[in-house]
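Protein chains in written order, with numbering that gives the first Met the number 0: chain A, 0 to 149; chain G, 0 to 187.
Just so it is clear, CB atoms sit at the ideal spot from N, CA and C, and this is done for glycine as well.
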Amino acid sequence: MNHTHLRTYAPAELDALEARFALRMTARLTEHAADLPQDVSERLRFAREQALTRARAARKTVAAESTTVVGSGSTLSLGRGEGGSGWWVQVASVLPLIALIAGLVFIQRLHNDSQISAAAEIDASLLADDLPPSAYSDPGFVEFLKAPRD
Amino acid sequence: MASDKELSDFLKSVEKRAFKRVAYAVRDDDAALDIVQDSMIRLAEKYIDRPAAELPLVFQRIVSNATMDWFRRQKVRNAVVRNFSEYESSSDDGDFDLLETLASQDESSATESASESVSRAQILLAIDGEVSKLPARQREAFLLRYWEELDVAETASVMGCSEGSVKTHCSRAVHALADALKAKGIEL
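Next comes the structure, spelled out in structure tokens:
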């Protein structure tokens, strides 16, 4: 009988009726929850205070993390990160590292090039010399070269 | 970022409802208090950078997850206890008795509040009892939607289900509560 009675309502009307009944129920639940035993209320208050203490500590940590040290060349600057610039701060903090690696690679190449050119110079002077290169494999000639000159 | 006052006011406004919601689910006040405390701390530590307007939804989600974690831990603990109890012949009776006692307490409270002449406190207690008897998902949807006043989409995201399921759960919960209270002669 109840079902046939409900079927006469439009869906929107039924929703409204359900919501009205539910809100009456929850109002009573709120009334009942307000009368929680003293020990439960105290524990909830303690939990709240603990959470607030942790929140203060978390805020300090977040503030400390957002203060980043950005190195650029020979100068150091302290930058305070803000909401929108966090990404740029991260990119800026990686740039010196990239510059350092590029510098090291450049120095290595320069070193290799200078070694190759030095070897080439020696080869060229050896080949251009009157003395044949096979003379250097002669032990007597090597001894002669090592011997101190007067 | 929510300020100290905003967080404090929010927690104060929501803590009793959160406790009752968890207590309905876990049926253990101490465990419910632990879960609410853990949830508050998790909110304060992990989500303090969120704007104050987002706190209700985030907190409800944390409470739901913490409750689920509690049930998972209980399941593991009970499995371990069950495994050990297989070596003891009479230890099953204890759990069974406890369940029977709880069931009989529920029944007795129901019969006490069946008359129209019950006091207001008893009516509140009866409503409390009927809510706690709802199936878990229906109760969760009902409390989040109408007590925590989340909208259907928010309730669905907290419960991890579709909006259609939320509507169905809520509707069934309302009808079940209405029928149960009517049977007890209680009118709101």
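Short CB-CB distance (under 8 Å) between residue i and chain A
i: Trp69/G; result: no
i: Ala113/G; result: Only weak support exists for where Ala113/G lies, its pLDDT of 47 falling under 50; the coordinates are left without a value.
i: Val173/G; result: yes
i: Gln104/G; result: Any reading at Gln104/G is ruled out, since the residue's pLDDT is 41, under 50, leaving its predicted position unreliable.
i: Asp48/G; result: yes
i: Ile40/G; result: yes
i: Ala65/G; result: no
i: Ala24/G; result: no
i: Gln59/G; result: no
i: Ser108/G; result: Interpretation of Ser108/G is limited by its pLDDT of 47, a score under 50 that renders its predicted location unreliable; the figure taken from the coordinates is listed afterwards. No, its Cβ sits nowhere closer than 8 Å to a Cβ of chain A.
i: Leu149/G; result: no
i: Arg133/G; result: Looking at the sequence itself, residue 133/G is Leu, so the reference to Arg does not match. No, because no Cβ of chain A sits closer than 8 Å to the Cβ of Leu133/G.
i: Leu54/G; result: no
i: Ala43/G; result: yes
i: Ile34/G; result: no
is_contact[residue i, chain G] using C-beta, thresh 8 Å
i: Glu17/A; result: yes
i: Leu43/A; result: yes
i: Asp25/A; result: Before going on, a small fix: residue 25/A reads as Thr here, not Asp. Closer than 8 Å to some Cβ of chain G, the Cβ of Thr25/A qualifies, so yes.
i: Val61/A; result: yes
i: Ala9/A; result: no
i: Pro88/A; result: The sequence as given places Val at residue 88/A; Pro does not occur at that position. No, Val88/A does not count as interfacial toward chain G.
i: Ala98/A; result: no
i: Gln37/A; result: no
i: Glu30/A; result: yes
i: Gln49/A; result: yes
i: Leu94/A; result: no
i: Arg108/A; result: no
i: Ala22/A; result: Sequence check: residue 22/A is Leu here, not Ala. Answer yes: the Cβ-Cβ gap between Leu22/A and chain G drops below 8 Å somewhere.
i: Ala33/A; result: yes
i: Glu12/A; result: no
i: Gly80/A; result: Here the model assigns Gly80/A a pLDDT of 49, short of 50, so the residue's position is not dependable, and the following value carries that caveat. Cβ-Cβ to chain G under 8 Å: no for Gly80/A.
i: Ala46/A; result: yes
Residue environment, residue i, which counts as buried when at least 16 other CB atoms sit within 10 Å
i: Trp146/G; result: buried
i: Trp86/A; result: exposed
i: Asp39/A; result: Note on identity: in this sequence residue 39/A is Val, with Asp being the wrong assignment. Val39/A should be labelled buried.
i: Glu53/G; result: exposed
i: Met67/G; result: exposed
i: Arg138/G; result: buried
i: Val62/G; result: buried
i: Arg108/A; result: exposed
i: Ser124/A; result: exposed
i: Lys181/G; result: exposed
Closest residue to residue i among the options (Cα-Cα distance)
i: Lys45/G; options: Gln49/A, Arg42/A, Arg53/A, Arg47/A; result: Arg53/A
i: His168/G; options: Asp27/G, Thr154/G, Asp68/G; result: Thr154/G
i: Val165/G; options: Pro55/G, Ala179/G, Ala135/G; result: Ala135/G
i: Asn64/G; options: Arg171/G, Gly159/G, Ala152/G; result: Gly159/G
i: Ala172/G; options: Lys183/G, Ile185/G, Ile126/G, Gly184/G; result: Ile126/G
i: Met0/G; options: Val35/G, Lys181/G, Glu14/G, Pro50/G; result: Pro50/G
i: Arg60/G; options: Asp3/G, Ala152/G, Lys4/G; result: Ala152/G
The stretch 23 to 36 of chain A touching the stretch 2 to 21 of chain G, judged by at least three CB pairs closer than 8 Å
Taking 8 Å as the limit for Cβ pairs, the verdict is that the stretch 2 to 21 of chain G does touch the stretch 23 to 36 of chain A.
Flag this pair as touching only if the stretch 59 to 76 of chain G and the stretch 23 to 34 of chain G have three or more C-beta atom pairs under 8 Å; answer yes or no.
yes
If you pair each beta-carbon of the stretch 172 to 181 of chain G with each one of the stretch 13 to 26 of chain A, do three or more pairs fall below 8 Å?
yes
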